[in-house]
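So the protein lines, in turn, are chains A and B.
For the first sequence, my numbering begins at 1 and goes up steadily by one.
For the second sequence, my numbering begins at 1 and goes up steadily by one.
Beta carbons: idealized from backbone N, C-alpha and C, even for Gly.
It should be emphasised that the depicted structure is a prediction, and the values quoted were computed from it without experimental measurement.
Structure, as structure tokens:
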Amino acid sequence: MAIKTKNVKDISKGSKISINIALAGNPNTGKSTVFNALTGLKQKIGNWPGVTVEKKEGKRRFNNFELSITDLPGTYSLSASSIDEQIARDFIVHDTPEVVVQIVDASNLERNLYLTTMLKELGARVVIALNMMDLLEKDGSSINVQKLSTEIGIPIVPMIANKKIGIDDLENAIESVYQEDQKPMKIRYSKEIEETLLKIQNILVTIPSIPTNFNLRWLAIQILQNNTEIPTLLERWSVKDTNIGELTSFGKEDYEAEIIDSKYDYISKITSKVWKKGETNVTRSDLIDQVVTHKWLGIPIFLLVMWGSFQFVFAVSVPFMELIDMFFGWLAGLLVDNIQIEWLGSLLGDGIVGGLGAVLIFVPPIFTMFFILSILEDSGYLARAAFVMDKLMVKFGLHGHSFIPMLLGFGCNVPAIMSTRSLKDKKDRMITILINPFMSCGARMPVFILFAGLFFGASAGTVIFALYILGIVVAILTAILLRKTFFKGKSAPFIMELPQYHTPKLKSATIAMWDKGKMYLKKAGTIILIGVMFVWFLAAMPFGGVEYGGPDTWLAAVGTFFEPIFRPLGFDWRIVVALIVGFIAKELVIGSLGTIVGGSGSEEGIKSAILADGGFYALNSLSLMVFTLLYVPCAAVVGVMKKETGSWRWTIFSIVYSTVIAWLFAFAVFQIGSLLGFGL
Amino acid sequence: MEMVRNTSKNIKTPLLSGSLVFLIAAIAEIILGIFKIYADSKELEEHWVNAIPFPPGIFPALSIFIIGLVWLAGYFVCIRGQDAKGYLLVGTVIALGFILLFILILLTDVFNAYALKLEDYEDWTVLASLRWIIFLSPIPIFFAIKYRGFTFPGRRREHIKAK
Ligand SMILES: Nc1nc2c(ncn2[C@@H]2O[C@H](COP(=O)(O)OP(=O)(O)OP(=O)(O)O)[C@@H](O)[C@H]2O)c(=O)[nH]1
Ligand SMILES: [Mg+2]
């Protein structure tokens, strides 16, 4: 280290040298955890493979260096088969970072080292962050780090990233690797392969348009392995067609198998020398998985956990909601009564406090929900729940791998739809994107909590639970429908890697809760504020004479225009307006109802205002909840859907389809309910 | 090896008795719960089911039922001579989770009724929120203490390690 420090001092003072660093590695090894520790940013962390699906850059100062660090999606190899893997591969191959930090899961050494061989083949300067040392120790296994490092010629830093152990050593290792050249790894292929590689390389050097710094041996190996993306790459460099033809004729499938085998041989020779397995054959994770992924018990346990979660959310948040409701009711009354300029009092009292208050009283349940979700994500249970449900999907002739995106949809559908990038098959991915909006996101919960709480008393938690289940069922049915019609074909085989269980950390769950909850608050202060002001304006126009929120306002004109379509669902024009505005953001359903109904200038909160209003009762509120659950996703979801499917056709399909489905279900609920005598 | 055989044998009887108690309680609560729903929907306030001080509910009963099933499945795994520690652990963790949950609900009910004085809580008494599973808590608590070695992660790992 001393020598290195001297080197650094030679560099003229003040000017920073910037180093480009990539954080690469297999999925779920802790890349984002390391990234956050290094940069102080807050990339999402979760205990399942495929959390990160986009690259993210962050900076860190270290001695005289400015480290520019990029967190990448996880990848098993450099021949990418899904979109997230492509992102990682393209960054490593084409952006040529100066140092690649590979995060290796110490408890899964052999498979992780496979990626190392590919990184080295590419000619990257690699540092290994040997993460999850705590889990290794827990299993009773051990790795001789020193020996491993000399064998493969790569500096290795043992780490426990989630406790920030090893971060300083990692920085030092990055610095020294940056200043030295690293020897290539000694993987020998058969004579035939080596000779062919040379032949290919000899052709490659004669092609001037290939970037000079590109590793030709790597390229030759890819050509030999028949990598299907190579022709496109060569075309991009405008290599002549005749050359491309000549080069690709070298590819053979036997070569690919042999190359992979040689790499694994090399790896297992080394691991046998440095890795000592603990006596454990069966780990605690295995014992628990026997139960929670059990053929018969798996799904009941999942449903039980979900039901319990809603009970928890409800129990914890009700008292807080009551307090907030009381406060806003009092505030609205105060404003309306005491501000002399009538329209201003109404804007502040009815519009902003009424509407915004209606959204803000749901801060407690939303935060609690996010808290529970991140506990489930971090413990590793979410991956099991997804596994169990995926197995069920496979039984229906559908593909697995849908349920992690679906369960993430309980938080927000936007990141959930992005997370489908880790699906390999394109059709599977389309189906998974299209069914995602039926998973009830956090923004829909206020509608459920408010109306279930008002009209279903002690069963409120159960009603909400049933709504979420309805969402899952509709999603599965839609998937079956899509698979039978537009997306025929076989789906990719179902293999899923289950992460190890971690004891969830209260602190990180609280941070995750706050981060996601903050978005809700931010939305309340921006888009929802504007939305409720807009609704207030329409509810007060035309100026002078009309009763606020009454039948002669502009708002009523819009609502009554559409009302006939919704009358069979039991909605009056005010609900119709709220649902229309809700397209912007689903929180606005409650926000606008708050503005219209709650803003009667009384000292009551929105709850009592709705109870006192004749337009709401158990049955139509149930059909309203069903409609809100299923109808058109919000604007943000439409946007991300367009981006991820790359198709307006499917995006519009989703909008129309979900709204029709919502109408049908709400219709059924209202009409059957009325027949049974539950009507007004 | 020795220790493992001991553990497996040791948990066979507890698993069976625990599961039977839970299953019987669950079935009883489900049946009474159905009566209760019937009485509520017909608004029969004088119905005998309303005389039960701790109101039965179907969903809370299902949680007891599933925990019972998990332990029962564990018992059969034991009989086949396999390791059933996972079943004991998962059942116990879920049971304790729900007991804590219902105690929490009880506390918030107390708060809603006496501190906030909410209208919905006018006729409410503490008994109304005493869920059946709370009375069953000695069983999972006993399991948790007795089999702490493998019930709670991270401590006395030799139980888990052995197979
Ligand atoms: N026990 C233990 N857990 C860790 C360690 N480092 C990270 N984790 C946990 O491992 C899980 C995965 O961490 P991430 O940082 O999301 O992993 P990633 O490599 O970015 O995953 P992808 O983005 O899905 O590829 C999280 O639950 C972390 O809290 C560690 O050193 N020890
Ligand atoms: Mg990540």
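- Query: Taking 8 Å as the CB-CB cut-off, is asparagine 112 of chain B touching chain A?
  - Reply: yes
- Query: Mind listing which residues of the stretch 298-313 of chain A have their C-beta closer than 7 Å to chain B's C-betas, in chain order?
  - Reply: Going along the stretch 298-313 of chain A in chain order, one finds Pro300, Ile301, Leu304, Trp307, Gly308, Gln311, Phe312 with a Cβ nearer than 7 Å to chain B.
- Query: Apart from the five residues just before and just after glycine 601 of chain A, which ones in its own chain have a Cβ nearer than 6 Å to its Cβ?
  - Reply: Residue confidence for glycine 601 of chain A is low, a pLDDT of 44 falling below 50, so the modelled location carries little weight; the figure read from the coordinates is stated next. Same-chain partners within the cutoff: Val336.
- Straight-line gap, leucine 135 of chain A to serine 107 of chain A (C-alpha atoms, nearest Å): 7 Å
- Message: Taking 8 Å as the threshold (C-beta atoms), are leucine 619 of chain A and phenylalanine 670 of chain A in contact?
- Response: A contact, by the Cβ cut-off of 8 Å.
- Message: Just checking aspartate 515 of chain A against ligand 2 - is the residue's beta carbon closer than 7 Å to any of the ligand's heavy atoms?
- Response: no
- How about histidine 683 of chain A and aspartate 378 of chain A: do their beta carbons lie closer than 8 Å? Outside the modelled stretch of chain A, which goes from 1 to 680, sits residue 683 of chain A, for which no answer is possible.
- Task: Name the two residues that bound the continuous alpha helix (DSSP H) containing serine 608 of chain A.
- Result: 606-612
- Message: Please tell me whether, using a cut-off of 7 Å, the distance from the CB of threonine 510 of chain A to the nearest non-hydrogen atom of ligand 1 is below it.
- Response: no
- Assigned secondary structure, valine 4 of chain B (DSSP; H/G/I helix, E/B strand, else coil): Low confidence applies here, because valine 4 of chain B scores a pLDDT of 42, under 50, leaving its location unreliable; read the following figure in that light. Secondary structure at valine 4 of chain B: helix, using DSSP grouped into helix, strand and coil.
- Using a Cβ-Cβ cut-off of 8 Å, state whether valine 318 of chain A counts as contacting chain B. yes
- Query: Among A:Leu407, A:Thr368, A:Trp218, A:Ser262, which residue has its Cα nearest to the Cα of proline 319 of chain A?
  - Reply: Shortest Cα-Cα distance from proline 319 of chain A to any of A:Leu407, A:Thr368, A:Trp218, A:Ser262 involves A:Thr368.
- Message: If you follow the beta strand (DSSP E) that threonine 70 of chain A is in, where does it begin and where does it stop?
- Response: Note, threonine 70 of chain A: beta strand (DSSP E), 65-71.
- Item | the stretch 411-419 of chain A contacting the stretch 437-444 of chain A, beta-carbon criterion three pairs below 8 Å | yes
- Let me know if tryptophan 71 of chain B comes out buried or exposed under the rule of 16 or more other beta-carbons within 10 Å of its beta-carbon. buried
- Message: If we define contact as Cβ-Cβ less than 8 Å, is lysine 12 of chain B a contact residue for chain A?
- Response: no
- Query: Which bits of chain B does glutamine 225 of chain A rub up against, with CB to CB less than 8 Å?
  - Reply: Chain B residues near glutamine 225 of chain A: none, gap ~41 Å exceeds 8 Å.
- Task: Look at the alpha carbon of leucine 23 of chain B and the alpha carbon of lysine 395 of chain A, and state the distance between them as a whole number of angstroms.
- Result: 29 Å
- Interfacial residues, the stretch 97-108 of chain B to chain A, with Cβ spacing under 7 Å: Per Cβ criterion, the list reads Gly97, Phe98, Leu101, Leu104, Ile105, Thr108.
- Meets three-Cβ-pair contact criterion under 8 Å: the stretch 67-82 of chain B and the stretch 46-54 of chain B: Per the Cβ contact rule, the stretch 67-82 of chain B is not in contact with the stretch 46-54 of chain B (fewer than 3 Cβ pairs under 8 Å).
- Query: Does any C-beta atom of chain A lie closer than 8 Å to the C-beta of glycine 33 of chain B?
  - Reply: no
- Same chain, Cβ closer than 6 Å to glycine 673 of chain A, five either side skipped, listed in chain order: Leu619
- Message: Determine, for alanine 612 of chain A, whether the minimum Cβ-Cβ distance to residues of chain B falls below 8 Å.
- Response: No, because no Cβ of chain B sits closer than 8 Å to the Cβ of alanine 612 of chain A.
- Within the present structure, is the beta-carbon of valine 104 of chain A separated from the nearest heavy atom of ligand 2 by less than 7 Å? No; taking the cut-off as 7 Å, the Cβ of valine 104 of chain A has no heavy atom of ligand 2 nearer than that.
- Message: Can you check whether the C-beta of histidine 399 of chain A is within less than 8 Å of a C-beta belonging to chain B?
- Response: False, the Cβ-Cβ gap to chain B never drops below 8 Å.
- Message: Check whether chain B comes within 8 Å of isoleucine 288 of chain A, counting only Cβ atoms and requiring the distance to be less than that.
- Response: It does: the Cβ of isoleucine 288 of chain A has a partner Cβ on chain B nearer than 8 Å.
- Item | Spatially closest choice to alanine 95 of chain B from B:Trp124, B:Ser17, B:Phe143, B:Trp48, by CA coordinates | B:Phe143
- Answer with buried or exposed for alanine 25 of chain B, where buried requires no fewer than 16 other C-beta atoms within 10 angstroms of its C-beta. buried
- Task: Could you say if the stretch 49-67 of chain A and the stretch 167-180 of chain A meet the contact criterion of at least three C-beta pairs nearer than 8 Å?
- Result: Contact holds: three or more Cβ-Cβ distances are below 8 Å.
- Query: Closest by CA to glycine 68 of chain B, which one among A:Asn112, A:Gly349, A:Pro300?
  - Reply: A:Pro300
- Message: Given the structure, does serine 346 of chain A come close to ligand 2, in the sense that its CB is under 7 Å from one of the ligand's heavy atoms?
- Response: no
- Shortest alpha-carbon distance to isoleucine 244 of chain A belongs to which of A:Val363, A:Glu256, A:Leu219, A:Leu297? A:Leu219
- Task: Have a look at valine 49 of chain B and lysine 36 of chain B and give me their C-alpha separation to the nearest angstrom.
- Result: 6 Å
- Range covered by the beta strand (DSSP E) that runs through arginine 61 of chain A: 56-62
- Beta-carbon contacts of phenylalanine 665 of chain A that lie in its chain and below 7 Å, excluding the five residues immediately before and after: Val626, Leu630
- Message: By DSSP's criteria, proline 158 of chain A is part of a beta bridge. Which residues make up the other side?
- Response: A:Leu130
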